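The structure under discussion appears below in the form of structure tokens.
There are 2 protein chains.
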Amino acid sequence: MRCRKCGGSAALELRRHNAAFCSPHFIEFFKKQVAEAIHKHRMFSRDETIMVAVSGGKDSLALWDVLIDEGYRTAGLYLDLGIFDYSVESRAKCEAFAARRGQTLHVERVAEAVGAPIPEVQKVTRRPTCSACGLSKRYLMNRAALEHGYPVVATGHNLDDEAATLFGSVLHWQTDALTRQSPALPSTHPKLVRRVKPLYRLSELETAAYAFLSGIDYIVEECPFATGATSLSHKELLNRLEESSPGAKHNFLFGFLDKARPAFERMEEVDLRPCSACGQVTTGEICAFCKLADLVKRRGAGRAPADNPAPEPAR
Amino acid sequence: MRCRKCGGSAALELRRHNAAFCSPHFIEFFKKQVAEAIHKHRMFSRDETIMVAVSGGKDSLALWDVLIDEGYRTAGLYLDLGIFDYSVESRAKCEAFAARRGQTLHVERVAEAVGAPIPEVQKVTRRPTCSACGLSKRYLMNRAALEHGYPVVATGHNLDDEAATLFGSVLHWQTDALTRQSPALPSTHPKLVRRVKPLYRLSELETAAYAFLSGIDYIVEECPFATGATSLSHKELLNRLEESSPGAKHNFLFGFLDKARPAFERMEEVDLRPCSACGQVTTGEICAFCKLADLVKRRGAGRAPADNPAPEPAR
Numbered sequence: 000m001r002c003r004k005c006g007g008s009a010a011l012e013l014r015r016h017n018a019a020f021c022s023p024h025f026i027e028f029f030k031k032q033v034a035e036a037i038h039k040h041r042m043f044s045r046d047e048t049i050m051v052a053v054s055g056g057k058d059s060l061a062l063w064d065v066l067i068d069e070g071y072r073t074a075g076l077y078l079d080l081g082i083f084d085y086s087v088e089s090r091a092k093c094e095a096f097a098a099r100r101g102q103t104l105h106v107e108r109v110a111e112a113v114g115a116p117i118p119e120v121q122k123v124t125r126r127p128t129c130s131a132c133g134l135s136k137r138y139l140m141n142r143a144a145l146e147h148g149y150p151v152v153a154t155g156h157n158l159d160d161e162a163a164t165l166f167g168s169v170l171h172w173q174t175d176a177l178t179r180q181s182p183a184l185p186s187t188h189p190k191l192v193r194r195v196k197p198l199y200r201l202s203e204l205e206t207a208a209y210a211f212l213s214g215i216d217y218i219v220e221e222c223p224f225a226t227g228a229t230s231l232s233h234k235e236l237l238n239r240l241e242e243s244s245p246g247a248k249h250n251f252l253f254g255f256l257d258k259a260r261p262a263f264e265r266m267e268e269v270d271l272r273p274c275s276a277c278g279q280v281t282t283g284e285i286c287a288f289c290k291l292a293d294l295v296k297r298r299g300a301g302r303a304p305a306d307n308p309a310p311e312p313a314r
Numbered sequence: 000m001r002c003r004k005c006g007g008s009a010a011l012e013l014r015r016h017n018a019a020f021c022s023p024h025f026i027e028f029f030k031k032q033v034a035e036a037i038h039k040h041r042m043f044s045r046d047e048t049i050m051v052a053v054s055g056g057k058d059s060l061a062l063w064d065v066l067i068d069e070g071y072r073t074a075g076l077y078l079d080l081g082i083f084d085y086s087v088e089s090r091a092k093c094e095a096f097a098a099r100r101g102q103t104l105h106v107e108r109v110a111e112a113v114g115a116p117i118p119e120v121q122k123v124t125r126r127p128t129c130s131a132c133g134l135s136k137r138y139l140m141n142r143a144a145l146e147h148g149y150p151v152v153a154t155g156h157n158l159d160d161e162a163a164t165l166f167g168s169v170l171h172w173q174t175d176a177l178t179r180q181s182p183a184l185p186s187t188h189p190k191l192v193r194r195v196k197p198l199y200r201l202s203e204l205e206t207a208a209y210a211f212l213s214g215i216d217y218i219v220e221e222c223p224f225a226t227g228a229t230s231l232s233h234k235e236l237l238n239r240l241e242e243s244s245p246g247a248k249h250n251f252l253f254g255f256l257d258k259a260r261p262a263f264e265r266m267e268e269v270d271l272r273p274c275s276a277c278g279q280v281t282t283g284e285i286c287a288f289c290k291l292a293d294l295v296k297r298r299g300a301g302r303a304p305a306d307n308p309a310p311e312p313a314r
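Going down the list, the sequences are from chains A and B.
Numbering follows numbering that gives the first Met the number 0, with no gaps: position 122 of the first sequence is 121.
Numbering follows numbering that gives the first Met the number 0, with no gaps: position 266 of the second sequence is 265.
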């Protein structure tokens with residue numbers, strides 16, 4: 000295999016692009032895709048400081064890396080979920096990265112905000128762990144950005160993440176989720192910052208290759224709660240489709256964004272107002288995060304010191 | 000396992016309904032689902048004669064069987080595709096069924112209308128066989144119904160068929176196909192009869208069980224051209240989803256019909272007019288069927304006598 004650009008020996012084949020690249024030209028390709036995403040969806044300008052939500056994994060650190068390289072003003076946000084060793088290690092990866100690149104890293108502890116670390120929160124809700132965790136992360140990302148004055152939060156969601164989320168929403172035709180599925184969610188209220196996903200054009204394999212080739216030190220382990228998550232089985236299923244027809248994931252996600260999303264957008268009109276408990280925006284009276292925090296409090300979770308990694312296994 | 004209705008020994012478990020039935024109560028359940036489909040979508044009334052398109056397979060013969068039992072006025076339509084022994088055998092099954100139930104069966108030969116049998120047609124088009132075949136069937140069903148004065152054509156499409164078609168359309172977000180996906184397509188032009196799918200609430204397993212328990216003699220073999228068809232791999236994939244979460248197919252199809260289809264319907268407005276070659280309706284100048292027939296003629300397919308099953312294997 001030869002690099003499409005220079006004819007040199009290729010390091011990576013991208014079947015859905017019917018192309019192969021050597022290391023330097025793959026890095027160039029990767030950065031171009033990020034630039035294209037930012038440009039196409041007018042995600043942010045060079046006058047703004049972008050808050051990059053980092054988990055310590057390959058995607059978010061690759062994103063932060065590209066944005067710094069491309070000269071954007073950035074700051075990192077690490078949300079400490081209190082998930083035993085996994086959180087300890089992933090936080091260390093983020094801190095090391097920030098130090099190496101001379102960037103600010105904000106750290107927020109979920110346990111402080113919601114009243115207990117995620118493993119305790121999970122026990123008091125009947126929903127899957129990922130559900131309460133995702134809710135908490137979205138809430139805290141927005142709150143942190145508002146507090147520090149950043150107009151936009153960038154997350155490391157890649158093509159595989161977005162396609163799997165879309166797949167899940169489509170299986171149940173969750174029209175509200177379909178309306179929100181976008182690489183760039185605008186601020187529709189003064190208390191809601193923009194949310195953007197500059198890696199949505201790049202696959203999981205591509206972000207992994209970028210992180211590896213750029214020498215980024217990231218946490219390889221998956222979150223211990225992810226095992227058996229529906230999103231993973233959807234990813235597997237999409238991978239099978241991709242194998243038999245390269246580009247299937249891309250066509251599924253991009254076809255939705257181009258052709259179908261406009262149809263759903265017209266269906267959903269939501270009215271945002273301040274949560275009467277915390278002041279962040281909600282469509283109801285009390286926001287979902289405050290309801291969760293209240294549940295945690297009433298059920299008595301989080302009484303054990305939240306700092307100590309639990310001795311028992313995660314599952 | 001016990002029958003949900005009578006407590007007797009169950010013959011069939013329906014996981015997505017969290018139920019099991021003995022033979023007589025399964026037949027009752029099956030007929031109720033057909034009645035519900037007819038009623039919900041106002042498919043036809045008892046004053047109308049329904050043309051049932053039959054292939055000789057379990058689904059269409061089960062449908063015809065139920066409609067006769069329920070006292071509807073029906074006539075069958077068999078489209079002879081000229082697919083070697085498969086067509087010979089499936090036609091014999093339809094003729095035997097019609098004779099046994101004392102019903103009229105119309106037979107149309109695709110080779111006569113399009114100029115060559117399907118295996119020859121396939122050779123001159125670059126599209127998959129199922130594509131030209133489906134197009135020809137839809138065209139001839141409509142033409143036959145108009146000629147004989149039937150206001151509505153009923154086909155044997157089941158839940159699995161409909162979910163697989165929807166899945167294929169969703170993977171590419173074919174908004175025109177999504178608009179047309181419905182258990183009941185109205186007549187939007189005097190030259191277009193209604194098309195209905197009274198089995199859309201019943202799975203492939205359920206129609207097979209009905210056909211077996213009712214003693215219907217149907218052709219078990221699949222069409223030889225179906226091997227490797229995309230629709231089959233989509234069915235497989237949906238079956239895997241269904242296995243891990245019973246009701247997945249049902250939720251996918253019904254969720255679409257209830258929640259998402261209205262969004263697409265607003266997107267598509269088509270203008271129908273008579274084809275300048277054959278007079279049936281089209282959105283263009285010449286309809287797709289006449290274009291196909293013209294291609295068959297120009298490429299010289301169909302010169303061999305279309306009646307003789309070809310001696311070579313089908314694939």
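Ideal Cβ placement from N, Cα and C applies to all residues, glycine included.
Quick caveat: nothing in here was measured; it's all calculated off a predicted structure.
In the structure shown, L11/B falls within a strand segment according to DSSP collapsed to helix, strand and coil. One thing to note: I117/A has its Cβ within 8 Å of the Cβ of V109/A. Looking at Y149/B, F166/B and L198/B, the one whose alpha-carbon comes closest to that of D64/B is L198/B. The criterion of a C-beta distance shorter than 8 Å is satisfied by E161/B and L252/B. T281/B counts as buried, since at least 16 other C-beta atoms from the protein chains shown sit within 10 angstroms of its C-beta. Taken in chain order, the complete alpha helix (DSSP H) segments of 4 residues or longer contained in the stretch 68 to 122 of chain B are 83 to 100 and 109 to 113. In this structure, the alpha-carbon of S89/B lies about 13 Å from that of A52/B. Nearest to N157/B by C-alpha distance, out of G56/B, Y77/B and A131/B, is G56/B. Take R142/A, set aside five residues on each side of it, and the residues of its chain with a beta-carbon closer than 7 Å to its own are Q279, in chain order.
For T154/A, the number of other beta carbons within 10 angstroms of its own is at least 16, and it is reported as buried. Closest in C-alpha terms to D293/A, from the list E205/A, S135/A, L231/A and G167/A, comes S135/A. A Cβ-Cβ separation of about 7 Å places V192/A in contact with Y149/A under the 8 Å criterion. Of L256/B, H171/B, A10/B and F96/B, the smallest CA-CA separation from W172/A is found for L256/B. Residues of the same chain with a CB within less than 7 Å of the CB of L212/A, apart from the 5 flanking positions on each side, are S22, F25 and I26 in chain order.
Ranked by how close their Cα comes to the Cα of V33/A, the residues L271/A, G167/A, Y71/A and H188/A have Y71/A in first place. I37/B is positioned such that its CB atom lies no closer than 8 Å to that of T73/B.
Going by beta carbons, L139/A and L78/A fall inside the 8 Å limit. The alpha carbon of P245/A has as its nearest neighbour, out of D175/A, A287/A, Y85/A and E12/A, the alpha carbon of E12/A. Along the stretch 166 to 190 of chain B, the positions whose C-beta sits under 7 Å from a C-beta of chain A are V169, L170, H171, W172 and T174, read in chain order. Comparing C-alpha distances from S168/B to each of A247/A, S86/A and R3/A shows the shortest one belongs to A247/A. A163/B has a beta carbon lying at 8 Å or more from every beta carbon in chain A. Fully contained in the stretch 173 to 258 of chain A are the following beta strand (DSSP E) runs of length 3 or more, in chain order: 193 to 195. Excluding residues up to 5 positions away in sequence, L271 and V280 lie with their Cβ nearer than 7 Å to the Cβ of H188/A in the same chain. The secondary-structure analysis by DSSP pairs F20/B across a beta bridge with L11/B. Residue state for T281/B is assigned as strand, using DSSP reduced to three classes.
Under a criterion of Cβ atoms nearer than 8 Å, the residues of chain A adjacent to S243/B are, in order, S232. Considered as a whole, the stretch 39 to 72 of chain A harbours 48 to 53 as its complete beta strand (DSSP E) runs of no fewer than 3 residues, in chain order. Residues of the same chain with a CB within less than 7 Å of the CB of R3/A, apart from the 5 flanking positions on each side, are A18, A19 and F20 in chain order.
In the displayed model, P150/B falls within coil according to three-state DSSP, outside both helix and strand.
P127/B sits in coil when the DSSP states are folded into three classes, being neither helix nor strand. Residues of chain A whose Cβ lies closer than 9 Å to the Cβ of L236/B are, in chain order, L236, R239 and L240.
A straight line joining the alpha-carbon of S186/B with that of L145/B spans about 12 Å.
In chain order, G75, Y77, C93, E94 and A97 place their CB closer than 7 Å to the CB of L104/A, counting only its own chain and leaving out the 5 sequence neighbours on each side.
In summary, E205/B is buried, with 16 or more beta-carbon neighbours lying within 10 Å of its beta-carbon over all protein chains present. Going by DSSP, V295/B is part of the alpha helix (DSSP H) stretching over A287 to R297.
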